[in-house]
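Trainee:
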Amino acid sequence: MQMTTLRQDFLFLALFAIAVLTMPIWLDPLGANYPDLLQKFAIYGIFAIGFNILFGLTGYLSFGHAAFLGVGSYAAVWAFKLFSMNVVPALLLAMIVAGLFSAAIGYICLRRAGIYFSILTLAFAQMSYNLAYSVLTPITNGETGLQLSLQDARILDRTFGIDATGGIPFPNFFGLTMGGYGGFYFCAVLLIVCFFIALRIDRSPFGMMLRAIKSNQNRMAYTGFNTRPYAMTAFIISGMYAGLAGALLAATDPLAGAERMQWTASGEVVLMTILGGAGTLVGPIVGAGVIKYFENIFSAYNEGRLHAIFSFLPDGLENFFVTVTTPFVGEGWHLTLGIAFMLVVIFLPGGLMEGVRRIRSLFSRRKSKPEQAELAPAE
Amino acid sequence: MRTTVPMENTVLHIADVDKRFGGLHALSDIDLDVKEGTTHAIIGPNGAGKSTLLNVCIGRLAPDSGAVVFDGKTITGKRPYEINQMGIARVFQTAEIFPDLTLLQNTMIPAFAKRDGAFRLNAWPMVSRQREIQEEAEHWLQDVGLIEYKDRLASSLSRGDKRRLELAMGLVQHPRLLLLDEPTAGMSRHDTNATIDLLMKIKERGMTKVIIEHDMHVVFSLADRITVLAQGRIIADGKPEDVKGNPVVQEAYLGGTH
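Quick note, the sequences are listed as chains A and B, same order.
What the first sequence shows, in our numbering, is residues 1 to 379, in sequence order.
What the second sequence shows, in our numbering, is residues 1001 to 1258, in sequence order.
#1: So who's on the other strand from Gln147 of chain A, going by DSSP bridges?
#2: DSSP on Phe1092 of chain B, reduced to helix/strand/coil?
#3: Just by C-beta distance, which residues in the region 1066-1082 of chain B are closer than 7 Å to chain A?
#4: Taking the alpha carbon of Ile383 of chain A as the point to measure from, which residue in A:Met353, A:Tyr133, A:Leu38 has its own alpha carbon closest?
#5: Does the beta carbon of Leu1045 of chain B sit closer than 9 Å to a beta carbon anywhere in chain A?
#6: Considering only residues of the region 1027-1067 of chain B, which uninterrupted beta strand (DSSP E) runs meet the minimum length of 3 residues and lie entirely inside it, listed in chain order?
#7: Assuming His307 of chain A is part of the alpha helix (DSSP H), what are its boundary residues?
#8: Identify which residue in A:Phe173, A:Tyr181, A:Asp152 has its Cα closest to the Cα of Gly397 of chain A.
#9: Tell me whether Gly1245 of chain B sits in a helix, a strand or coil according to DSSP, three-state version.
#10: How is the beta strand (DSSP E) around Leu1177 of chain B delimited, first residue to last?
#11: Residues in the same chain with beta-carbon distance under 7 Å from Asn1106 of chain B, minus the five sequence neighbours each way, listed in chain order, please.
#12: Excluding the 5 residues flanking Ala1062 of chain B on each side, which residues of the same chain have their C-beta closer than 8 Å to its C-beta?
#13: Short check: CB of Asp1031 of chain B to CB of Ile1014 of chain B, under 9 Å?
#14: Count the other CB atoms within 10 Å of the CB of Gln262 of chain A; is the residue buried (16 or more) or exposed (fewer)?
#15: Could you tell me whether any Cβ in chain B is nearer than 9 Å to the Cβ of Phe184 of chain A?
#16: Does the distance from the CB of Tyr60 of chain A to the CB of Met272 of chain A come in under 9 Å?
#17: In the DSSP assignment, find the unbroken beta strand (DSSP E) run with Arg112 of chain A in it and report its ends.
#18: In angstroms with no decimal places, state the Cα-to-Cα distance between Leu255 of chain A and Glu295 of chain A.
#19: Can you tell which of A:Gly64, A:Gly72, A:Thr252 has its C-alpha closest to the C-alpha of Thr177 of chain A?
#20: Could you tell me whether the Cβ of Lys1114 of chain B comes closer than 9 Å to any Cβ of chain A?
#21: Would you decide whether Pro1175 of chain B is buried or exposed? Buried here means 16 or more other CB atoms lie within 10 Å of its CB.
#22: Reducing DSSP to helix, strand and coil, say where Thr227 of chain A ends up.
#23: Out of A:Arg228, A:Ser84, A:Asp9, A:Ile108, which has the shortest C-alpha to C-alpha gap to Phe174 of chain A?
#24: Taking only runs of the alpha helix (DSSP H) that begin and end inside the region 14-77 of chain A, which ones reach a length of at least 4 residues, in chain order?
#25: Is there a Cβ from chain A that is less than 9 Å from the Cβ of Asn1122 of chain B?
#26: Is the separation between the beta-carbon of Lys1050 of chain B and that of Asp1224 of chain B shorter than 9 Å?
#27: When we look at the beta-carbon of Gln1250 of chain B and count the other beta-carbons within 10 Å, is it buried (16 or more) or exposed?
#28: Answer with yes or no whether the minimum CB distance from Ala212 of chain A to chain B is below 9 Å.
#29: Which residue comes first and which comes last in the alpha helix (DSSP H) that contains Gly1238 of chain B?
#30: Have a look at A:Arg154, A:Leu352, A:Ala79, A:Gly180 and flag the residue whose alpha-carbon is nearest the alpha-carbon of Ile96 of chain A.
#31: Can you tell me which residues form a DSSP beta bridge with His1025 of chain B?
#32: Mind the definition here: the region 64-76 of chain A touches the region 319-327 of chain A only if three or more C-beta pairs lie below 8 Å; say whether that holds.
#33: Is the CB-CB distance between Ala382 of chain A and Ala132 of chain A below 9 Å?
#34: How long is the line joining the alpha carbons of Ala14 of chain A and Ile192 of chain A, rounded to whole angstroms?
#35: Please list, in chain order, the chain B residues whose beta carbon lies closer than 9 Å to that of Phe196 of chain A.
#36: What residues in its chain sit with their C-beta under 8 Å from that of His1214 of chain B, if we drop five residues either side in the sequence?
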């Protein structure tokens, strides 16, 4: 964390906002310009920002954050069913429920640190996942997942005379429907707001205390700090971010299933944060983007697509390259991701953002323009 | 527990403290008064129980019996952060700093603890706008001679410089009582003398200090009173000149360790 001025931070925020809002333009050549994927970039970006406040800043590695994502989804769908198809009550309810849920889990898990904390969070998340399938079926609708139906109460909508005519209504923000690009821009604006809040936390005394806890928790106690409420607050904030992300998943695709809470989903956000750069502001969002990109784009490649890519080569070479690359695409996208992750962790322990920083310092040294580096206080 | 009434200007009163580690009697029957505004040195051979005594004072260890009274309030059994908030700061022997933060941040953090208490959700204002805290931190970094490195990471410092940073972290809190665990260990002679000068300057401002030290030059430059520990017991206690000539002390230092 550097000491930055307000002006630098606003410049940084403006650049970030432009980059996010123009995603449909600059992701087009990469083949990622379709609304479903863009929405996922923004939503998982929010999830990762929140996770980073706990893991990147405070140093507590939670292996159970998907539980809050799932809880947020369920709460949002219930809000759609009970109150309104407007997303505002759904998002609020999801954040409140996820906040309470994380307060309860954090209260217990934060009694331990290090690996024990991680295992406790993992245990709680798996417990939530299994309960969603069994005891809590009345709330979660078990394996089928929680879905909307025509018979839903939607008290607020009915009171204000907004009634469903023909078919189940779609979640909307005062008329702006959550599907397609509308949904993306809504999520993108929330991503920018969430990013701004994380930025302020990062630059605040509170954020400095979180970093100090990560650096030397014992010393914090002898310095006069009660570290438990600090870690607890970080835990709840990141739980609420996850709840918001879960609610947005439900808003753009109105159903909630327990698989969202599975440990693989918890692991995914850990990968995103480390891949992008734990403790940096932009890194986790970049990591989320890269992983979602791999998941959606690389997995869609097939042999035909590869033949098209390598068609400029002579036949023999073309076949050779196709054979060599086939295991890495389609079903094999996990393999590519795994290799990329290992390379990053080994050669860039600070994540992709460390790579960016190295390249930038290389350039600023070559051009001997030190102010260039100062301009980006991001990482 | 025997009730010994602490004298009026006693800041720290250690009453009959006992501490065992298994078969080792680390502290036995320690009775000690630290007077307001004085520099009280605790000396003794290795393993005499000096660090154990400090650890009892800051709540890192709980005594088996006896009590530590600070400012008329019993602090035994309190959590380390509560004890610090009451006004006891400690400078650690093995530099306990925040290695991943800059020197300025390392020094600002204790200042925040002093201003904001044990917990405050101060998550919106920016650190860079906390001018008073920053100036206070810079002032002490200046005094310990580290101001030119204020934006460096603390992990990049040499051992001696880490000790100086520790000192700044303790002083920035303006504690009622400062516990110094071998503040000059690992420092060059030049830095040691600079540290003595700094501690003399603070003494003029009336900060009470307990100092553990091996370097007799430091002890006799600073101490108003000296307590000598050996094998967990107080074997001498008094003014520096009295302790210096005490045959029991000579014995403990020269005969006891060899």
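All C-beta atoms, glycine included, are put in the ideal place defined by N, C-alpha and C.
Computed from a predicted structure; not experimentally measured.
Mentor: For this structure:
#1: DSSP output for Gln147 of chain A lists A:Leu255 as bridge partner(s).
#2: Phe1092 of chain B: coil per DSSP, three-state reduction.
#3: Interface annotation for the region 1066-1082 of chain B against chain A: Pro1080, Tyr1081, criterion Cβ-Cβ distance under 7 Å.
#4: Any property of residue 383 of chain A remains undetermined from this structure, which presents chain A solely from 1 to 379.
#5: Per the sequence shown, the amino acid found at residue 1045 of chain B is Pro instead of Leu. Pro1045 of chain B is outside the set of residues whose beta carbon lies under 9 Å from a beta carbon in chain A.
#6: With a minimum length of 3 residues, the continuous beta strand (DSSP E) runs that stay inside the region 1027-1067 of chain B are 1039-1043.
#7: Element bounds for His307 of chain A: 303-309.
#8: Shown here, chain A extends from 1 to 379; a query on residue 397 of chain A therefore has no answer.
#9: Secondary structure of Gly1245 of chain B (DSSP, three-state): helix.
#10: According to the DSSP assignment, Leu1177 of chain B belongs to the beta strand (DSSP E) that extends over 1177-1181.
#11: Answer for Asn1106 of chain B: Ile1097, Phe1098, Ala1154, Leu1165, Met1169, listed in chain order.
#12: Closer than 8 Å at the Cβ level, and outside the excluded window around Ala1062 of chain B, lie Val1056, Thr1076, Gly1077.
#13: In this structure, Asp1031 of chain B sits near Ile1014 of chain B, with a CB-CB distance shorter than 9 Å.
#14: Residue burial is scored here from C-beta neighbours: Gln262 of chain A has at least 16 other C-beta atoms within 10 angstroms and is therefore classed as buried.
#15: No, no contact with chain B.
#16: For the pair Tyr60 of chain A and Met272 of chain A, the CB atoms are not nearer than the 9 Å cut-off.
#17: Counting along the chain, Arg112 of chain A falls outside any beta strand (DSSP E), and DSSP gives it neither H nor E.
#18: Going from the Cα of Leu255 of chain A to the Cα of Glu295 of chain A covers about 21 Å.
#19: The option with the nearest alpha carbon to Thr177 of chain A is A:Thr252.
#20: Yes, because at least one Cβ of chain A sits closer than 9 Å to the Cβ of Lys1114 of chain B.
#21: By the 16-neighbour rule on beta-carbons within 10 angstroms, Pro1175 of chain B is buried.
#22: In the structure shown, the three-state DSSP call for Thr227 of chain A is helix.
#23: Ranking the options by Cα distance to Phe174 of chain A, first place goes to A:Ser84.
#24: Fully enclosed alpha helix (DSSP H) runs of 4 or longer: 23-26, 35-52.
#25: Closer than 9 Å: yes.
#26: Their beta carbons are not under 9 Å apart, which means Lys1050 of chain B does not touch Asp1224 of chain B by this criterion.
#27: With fewer than 16 Cβ atoms within 10 Å of its Cβ, Gln1250 of chain B is classed as exposed.
#28: True, the Cβ-Cβ gap to chain B drops below 9 Å.
#29: Where Gly1238 of chain B is concerned, there is no enclosing alpha helix (DSSP H), although the beta strand (DSSP E) it sits in stretches over 1233-1238.
#30: Looking only at A:Arg154, A:Leu352, A:Ala79, A:Gly180, the smallest Cα-Cα distance to Ile96 of chain A is reached by A:Ala79.
#31: BP columns for His1025 of chain B point to B:Arg1020.
#32: The region 64-76 of chain A, when compared against the region 319-327 of chain A, does not touch it at the 8 Å Cβ threshold.
#33: No statement about residue 382 of chain A is possible, as the shown extent of chain A runs from 1 to 379 and does not include it.
#34: Ala14 of chain A and Ile192 of chain A have their alpha carbons spaced roughly 9 Å apart.
#35: Those do not exist, as Phe196 of chain A stays about 11 Å from chain B at its closest Cβ, beyond 9 Å.
#36: The answer, listed in chain order, is Ile1043, Glu1182, Ala1185.
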